[in-house]
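If you're matching positions, the sequence shown starts at -11 in my numbering and goes up one per residue.
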Amino acid sequence: MRKWVNRLAGAGELLTVDRAVDPRFELAAVTKRAQQAGNRPILFRNVKGTRLKVVTNLFADAARLRSLVPVKDGPFAAAYASMLDAAESRVEPPTREAPPPGDLQQGQLSDLPLITYHERDAGPYFTAAIVLARDPDTGVPNLSFHRAMYAGPRELRLRLGDSHDLTDYQRRAEEAGRALPVALLIGVPPAVFMAAGTHLPAGVDEYALAAELAGRRVDVYSGADSGLPVPVATEVVVEGRILPGERRPEGPFGEVLGYYVPEGLNHVMEVDGVSLRRDAIFHSLLCGSREDLALLEAVNAARVYRDLSRRLPGIVDVSCAPAFMNTTVQIRPQYAAHARDVMDVVFDSHADYNQLCCVVEEDVDLHDMNAVMHAFITRGRVDARTRVISGRAGFYRDMQDDFAGRVGLDATRPFGREEEFVSKEVPGLSATRLEDYLARDSDY
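Have a look at this one:
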């Protein structure tokens, strides 16, 4: 991550804050205000209570995030889907043993920035921490994002979602009466960050995806307290164990959809050691912000695109908007029920952030919801092209079934009547530059 920050600073993209900032609410307030003004990353040099610098908004810009994926031609979703295929079929080991950083120092949890983001949050949270663990039976490493609440000098409380591999690892370790060794990685190389946010089939190592994205194997060293393969370029590492048979109150916390997740009995991590680079940079992420959503959008779009392209013809591109629980699919219609079949595959693809599916053609910008809704409203009867599916379960945080059910909107042109709905065009518009026509002054 440090190289990425230096690169952004060299390009003049990095905002810096030198005045003292309180980690309780003030840092989050400055972050949110800066995000309202743009997508530039922010480096806080003077956070009260810690010697560490804090960086946030690193991956808020979609173009910045997508620059990590080698895209040759075609849509981003297709390019990232090809990375998933490469990771799943990779034969070469994705990691390489290397010495730990020469500037690695020992510390404790209280040395780290203890950031409280929202008014009703139960306490400080680590929001950009990646949990590293191994399958207790096969030893395959796994990387995934989980919020971690600071509960004391040696205790963190983790929220493990039902759909995550880590939850399965912990369950199996607990059934055997064992704690599960884990390491929280904060401030990792961008390829590792992106891989950790991507859902891969059980048994596939996220380091394989990181290696494909980076174009080289990931240098790792063995964590002193966990024995887990830690990326050498990680800024902060918190090692410990998720305790078996132990659940303690965690939350409330302001999550991605803009509301508070209530307090619940969640997993307990006992911390055995903290190591950090000299002049370590701590990565903070404001949940529900562009930095949070950009990664979700990218990885979910690739996942859906791959499922669709394997099962149906005419798939052009996919866009996901997790904040709206929406997936928009762009197609070249092949038959009358094509849009309906697309909806079925999308809803089967994944339950998280996927309550609404819109299907459009190539003449509609699938990233522009105004254009999508205009096509839906103007291309036929809205009642006949709205599909409601009852009873489908929502995502794992949905304890009250508030996100159950699905809605599909067919915004394609009526099959066989395409000529009646040709979008109007002004010839020469794309080549017209306004500055070539306007007078240089306001005299008339």
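Where is the CB? At the ideal position from N, CA and C, for every residue including glycine.
Between Leu56 and Leu201, the C-beta spacing is below 9 Å. Residue nearest to Gly(-2) within the set Val18, Gly211, Pro29 is Pro29 (criterion: CA-CA distance). Between Gly95 and Ser263, the CB-CB gap stays under 9 Å. Tyr425 carries a coil assignment under DSSP once its states are collapsed to helix, strand and coil.
Annotated three-state conformation of Gly396 is strand, per DSSP.
Taking the C-beta atoms as reference points, Gly396 is found no nearer than 9 Å to Ile365.
Taking each of Arg12, Pro219, Arg52, Thr104 in turn and checking the Cα distance to Arg84, the smallest one comes out for Pro219.
For Pro89, no beta strand (DSSP E) run applies, since DSSP gives it neither H nor E. Residues of the same chain with a CB within less than 6 Å of the CB of Asp91, apart from the 5 flanking positions on each side, are Arg265, Arg266 in chain order. Judged by DSSP in its simplified three-state form, Ser277 adopts coil rather than helix or strand. Rounded to the nearest whole angstrom, the CA to CA distance from Thr38 to Thr374 is 53 Å. The shortest C-alpha to C-alpha distance from Asn254 to any of Asp6, Val370, Gln158 is the one to Gln158. Contact annotation, His187 with Val287: C-beta distance approximately 7 Å; criterion of less than 8 Å satisfied.
Taking the Cβ atoms as the reference, Ala110 lies roughly 6 Å from Pro240, within the contact range of under 8 Å. Take the alpha-carbon of Gly175 and the one of Lys20: they are about 20 Å apart. Non-local beta-carbon contacts of Gly379 in its own chain, meaning distances under 8 Å to residues more than five positions away in sequence, involve Ala392, Gly393 in chain order. Between the segment 287 to 304 and the segment 104 to 121, the count of Cβ pairs shorter than 8 Å is below three; the stretches do not touch.
In this structure Glu251 is exposed. Its beta-carbon is surrounded by fewer than 16 other beta-carbon atoms within 10 angstroms. Beta-bridge annotation (DSSP): Gly261 is paired with Glu227.
In this structure, the alpha-carbon of Asp193 lies about 11 Å from that of Thr126. The C-alpha of Tyr248 lies about 48 Å from the C-alpha of Val414.
Secondary-structure assignment with DSSP links Pro169 through a beta bridge to Arg229. The residue among Ile303, Thr155, Asp156, Ala363 with its C-alpha nearest the C-alpha of Ala66 is Ile303.
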